[in-house]
């Protein structure tokens, strides 16, 4: 244990508050995640006992900002107000990563604490080292009431994280439809992109959030907007096995044959993963079944995956078992599965006859 802490007895005083010594030494919110685990009291101390302990500490050299972070995280409004009104805690105090009390309260969804901090003058648009804001955290966690409140006091939708993230991108990535709707109503740019090119629609497609996807599409999101590596929303939805998302995107004009920079398509990826439900949706829109630019076909990928149903679906749709990949291999040369070999040979025999 740090000698100065032991000598001053601060650890024992923090225990009176229900905050353990590990949290004291590390700082209440000293991790990269404002949801850092903060141990509450294991004893059944009453609310008044905790407040009384804080009153005693106000005259000492204890870092009261730590207690304020704890109160914001736990939603202890009375304690937070007491600390702020003491004049010893700056409403915009930060931890070592630039996290503010408002960010912590917003992340946790404690609207009363958020309101108190804002009314006491907290800067709503301050950013952490990573670029995140109180609005970003509230949106990421789906706290729509907090999001609406922050907008009432001038929260900006334009603040970006180091990777280009915005509140809209965060809400879409985590599937918070109501928050997405609120953000769009308050001017969030539906075409926001991470620096790798991922859009709100892409992130929602990756997570399979159909209600968010429908909202974004009806609000003008571009269904075929790819990331910088060429990955389109349809491709990522297919890779993740979200068949309903694939269906909706195809109906809204998604390019069934859009290729990534590596030459793979949504169908090839679904075949590789063995997602028969996704393949069924894609086949309704007649995707390419031949050899792709990367030198292989969806049938080759399906055979390699060992999924009998996906092989059967592709053969029924007209995939040619006589096509050779860039290594000059037939699909039948890629497996020892007797059921798959039987399907391939039966199709070859039917073609010859």
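Residue numbers (the working numbering): -8 to 344. Every residue gets a Cβ at the ideal spot worked out from N, C-alpha and C, and that includes glycine. Since this is a predicted model, take the numbers as computed values, not measurements.
Tell me the rounded alpha-carbon separation between residue i and residue j.
i           : j           : result
residue 248 : residue 272 : 13 Å
residue 243 : residue 214 : 7 Å
residue 204 : residue 73  : 44 Å
residue 178 : residue 231 : 30 Å
residue 285 : residue 246 : 18 Å
residue 229 : residue 93  : 39 Å
residue 116 : residue 209 : 29 Å
residue 152 : residue 219 : 18 Å
residue 154 : residue 322 : 41 Å
residue 171 : residue 131 : 10 Å
residue 319 : residue 312 : 13 Å
residue 195 : residue 270 : 20 Å
residue 68  : residue 167 : 26 Å
residue 198 : residue 190 : 13 Å
residue 123 : residue 223 : 26 Å
Candidates the options: which alpha carbon is nearest residue i's?
i           : options            : result
residue 217 : 329, 201, 251, 316 : 251
residue 76  : 336, 196, 111      : 111
residue 156 : 170, 186, 147, 98  : 186
residue 192 : 154, 148, 239      : 239
residue 97  : 319, 320, 63       : 63
residue 256 : 279, 266, 265      : 279
residue 71  : 142, 59, 336, 80   : 59
residue 66  : 199, 106, 83, 259  : 106
residue 173 : 81, 54, 135        : 135
residue 277 : 291, 190, 258      : 258
residue 331 : 299, 338, 85, 325  : 299
residue 260 : 235, 301, 241      : 301
residue 201 : 234, 333, 130      : 234
residue 303 : 337, 313, 320      : 337
residue 145 : 270, 167, 109      : 109
residue 309 : 264, 198, 118, 339 : 339
residue 175 : 147, 222, 199, 283 : 147
residue 118 : 184, 91, 129       : 91
residue 160 : 129, 183, 143      : 183
Quick check on residue i: does DSSP put it in helix, strand or coil?
i           : result
residue 91  : strand
residue 85  : strand
residue 320 : coil
residue 350 : Given a span of -8 to 344 for the chain in the structure shown, any question on residue 350 remains unanswerable.
residue 198 : helix
residue 98  : helix
residue 276 : coil
residue 337 : helix
residue 111 : coil
residue 234 : helix
residue 55  : helix
residue 241 : helix
residue 76  : helix
residue 329 : helix
residue 224 : helix
residue 229 : helix
residue 119 : coil
residue 206 : helix
residue 314 : coil
residue 212 : coil
residue 218 : coil
residue 50  : Interpretation of residue 50 is limited by its pLDDT of 45, a score under 50 that renders its predicted location unreliable; no figure is taken from the coordinates.
residue 12  : The predicted model places residue 12 with a pLDDT of 33, which falls under 50 and marks its position as unreliable; any figure quoted below should be read in that light. It is helical.
Does the ligand NAP have even one heavy atom less than 8 Å from the beta-carbon of residue i?
i           : result
residue 166 : The ligand NAP is not part of the structure shown, which contains no ligands of any sort.
Since residue i and residue j should fall inside the 8 Å C-beta cutoff, what is the C-beta to C-beta distance between them, to a whole number of angstroms?
i           : j           : result
residue 293 : residue 274 : That pair is no contact at about 12 Å.
residue 350 : residue 100 : For the chain, the structure presents residues -8 to 344; residue 350 sits outside this window and is missing.
residue 212 : residue 181 : 5 Å
residue 78  : residue 120 : With 8 Å as the limit, residue 78 and residue 120 do not qualify as a contact, their Cβ atoms being about 27 Å apart.
residue 150 : residue 127 : 7 Å
residue 416 : residue 125 : Only positions -8 to 344 of the chain appear in this structure, which leaves residue 416 out of reach.
residue 165 : residue 188 : Their Cβ separation, rounded to whole angstroms, is 19 Å, which puts residue 165 and residue 188 out of contact at 8 Å.
residue 288 : residue 297 : Their Cβ separation, rounded to whole angstroms, is 16 Å, which puts residue 288 and residue 297 out of contact at 8 Å.
residue 325 : residue 291 : 6 Å
residue 83  : residue 114 : 5 Å
residue 254 : residue 283 : 5 Å
Minimum length 4: unbroken alpha helix (DSSP H) runs contained in the segment 125 to 189: 125 to 132, 135 to 142, 158 to 164, 168 to 176
Mind pulling the alpha helix (DSSP H) runs of 4 or more residues that sit fully within the segment 248 to 311? 257 to 264, 267 to 274, 289 to 296, 299 to 307
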